[in-house]
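Residue numbers (this note's numbering): 1030 to 1437. Think of the CB as a built atom: it goes at the ideal place given N, C-alpha and C, for glycine as much as any other residue. Predicted, not measured: the structure shown is a model, and the values here were computed from it.
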């Protein structure tokens, strides 16, 4: 009796993990990965600045799912099959030790994404998984007898029994056109995890300055996020901005990425508390220049820029700081506003909001209820997380789940 043939379309994290799990679970099956590019695991290679943010040290699944703007409820039962703890254990059993950074992100102890690539590639090779690069799939359809007929962009069509689609996110809806007819509906894709362009920002000369904790808000909405903020030569980046871009992905796309961004530079302090601090400086340091007395631990260069925006001269002392300038400074600290006129890709962890709708998938196997024998995993699904290793965790979880059930 011929062995089961499984085609995995997409040679990224989810595709490899699905293929490996399928080969381990169904050792008699023939598993082949088809990747349209010349190399595989490209996103793994560049993520985390070339270190690969494998997962996040969040081992309470109830808390873990809160880091997914799309797919929170849907991921819960899947994480009972394979969660962050399982990810750490899986790599450690393969000889790859992960380390945890202060913010919870987990990386290989080698600080190199090549460690993860080598682990996945060597495991796939040991299991006899075939890898076909430069092999994009143009169309797929039901075969007249059984299984699926796949038509590559180049070469002859071939037939397989099961298909796992793990092609990643697409920037445009027409990119899903090669999927079989009557498959799952797709949610129009838009970008997530990107930085903000503010070409007219007076803070552009401060590129490289980072603030440990700031609150950013899309004005006109209740959408806001808090965390480290990085000033760049094009605008703003850092975890706070990336999280806002994820949670507000649809709203930002609707306005064409043109909106007013509000920044509270010292979110733990109210206007009243700042006013009290400044009055204390008047009493305790009357002869000190305001520009040299940064409050709340703000970087000196940023403090100086904000005092200039408030009309405070470099020679201005606390003792004779006019009330109107003090009020302006408080306004700049708590309610700085910038006109965003576009976005830039965060290349280390760019993801797509949208993709294959989840409603017609079996929530425990990731098999299509409309097209039996067709499975999905990874970013092609309408599931995406914030920065910090959550998107890779989704890839491992969904890849494992699909691979575990694809041969049944």
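Cβ shell of residue i (< 6 Å), same chain only, five flanking positions each side left out
i	result
residue 1227	1264, 1367, 1369
residue 1033	1058, 1190, 1436
residue 1101	1094
residue 1267	1257, 1258, 1259
residue 1163	1067
residue 1345	1319
residue 1333	1320
residue 1420	1380, 1414
residue 1335	1361
residue 1040	1062, 1064, 1069
residue 1275	1098, 1221, 1222, 1415
residue 1172	1178, 1188
residue 1295	1325, 1362
Residue i - DSSP class collapsed to helix/strand/coil
i	result
residue 1367	strand
residue 1038	strand
residue 1172	coil
residue 1439	Missing from the structure shown is residue 1439; the chain here goes from 1030 to 1437 and no further.
residue 1280	helix
residue 1341	coil
residue 1401	coil
residue 1229	coil
residue 1372	strand
residue 1310	helix
residue 1186	coil
residue 1129	strand
residue 1413	strand
residue 1219	strand
residue 1422	helix
residue 1266	strand
residue 1427	helix
residue 1161	strand
residue 1394	coil
residue 1068	coil
residue 1348	coil
residue 1084	strand
residue 1355	helix
residue 1275	helix
C-alpha gap between residue i and residue j, whole angstroms
i	j	result
residue 1191	residue 1170	12 Å
residue 1116	residue 1429	10 Å
residue 1302	residue 1318	20 Å
residue 1232	residue 1280	25 Å
residue 1306	residue 1418	38 Å
residue 1311	residue 1272	38 Å
residue 1153	residue 1048	8 Å
residue 1229	residue 1308	33 Å
residue 1316	residue 1343	13 Å
residue 1104	residue 1349	58 Å
residue 1423	residue 1096	11 Å
residue 1395	residue 1406	7 Å
residue 1285	residue 1371	7 Å
residue 1374	residue 1262	14 Å
residue 1206	residue 1219	17 Å
residue 1224	residue 1240	16 Å
Extent of the continuous beta strand (DSSP E) run through residue i
i	result
residue 1253	1253-1260
residue 1054	Looking at the DSSP string, residue 1054 is not in any beta strand (DSSP E); the run it does join, the alpha helix (DSSP H), is 1042-1054.
residue 1226	1223-1226
residue 1179	1177-1181
residue 1063	1059-1063
residue 1116	Not the beta strand (DSSP E): residue 1116 falls in the alpha helix (DSSP H), residues 1113-1122.
residue 1144	Here residue 1144 belongs to no beta strand (DSSP E); instead the alpha helix (DSSP H) covers 1142-1155.
residue 1022	This structure leaves residue 1022 out entirely; the chain is present only between 1030 and 1437.
residue 1191	1191-1194
residue 996	The first residue shown for the chain is 1030 and the last is 1437, placing residue 996 beyond what the model contains.
residue 1137	1134-1137
Span of the alpha helix (DSSP H), counted from its first residue to its last, around residue i
i	result
residue 1207	Per DSSP, residue 1207 belongs to no alpha helix (DSSP H) and is neither H nor E.
residue 1331	1329-1338
residue 1388	Careful: residue 1388 lies outside any alpha helix (DSSP H) and carries neither H nor E.
residue 1076	1071-1079
residue 1108	1101-1108
residue 1246	No alpha helix (DSSP H) holds residue 1246; the beta strand (DSSP E) holding it covers 1239-1247.
Residues near residue i in its chain [Cβ-Cβ closer than 7 Å; skip 5 each side]
i	result
residue 1314	1322, 1347
residue 1388	none
residue 1386	1213, 1214, 1215, 1216, 1411
residue 1181	1164, 1165, 1166, 1167
residue 1054	1432, 1433, 1436
residue 1393	1106
Own chain residues within Cβ distance below 8 Å of residue i, not counting five before or after
i	result
residue 1080	1136, 1137, 1140, 1141, 1142
Touching by the beta-carbon criterion (3+ pairs, under 8 Å), the stretch 1072-1081 and the stretch 1144-1157: yes
**Message:** Could you check whether the stretch 1397-1413 touches the stretch 1083-1092, counting it as contact only if at least three pairs of C-beta atoms, one from each stretch, sit closer than 8 Å?
**Reply:** no
Are at least three pairs of beta-carbons, each pair with one atom in the stretch 1289-1304 and one in the stretch 1244-1253, less than 8 Å apart? Between the stretch 1289-1304 and the stretch 1244-1253 there are three or more inter-stretch CB-CB distances shorter than 8 Å, so the stretches are counted as touching.
Could you say if the stretch 1356-1363 and the stretch 1337-1345 meet the contact criterion of at least three C-beta pairs nearer than 8 Å? yes
query = Any chance the stretch 1117-1134 sits against the stretch 1034-1042, with 3 or more Cβ pairs inside 8 Å?
reply = no
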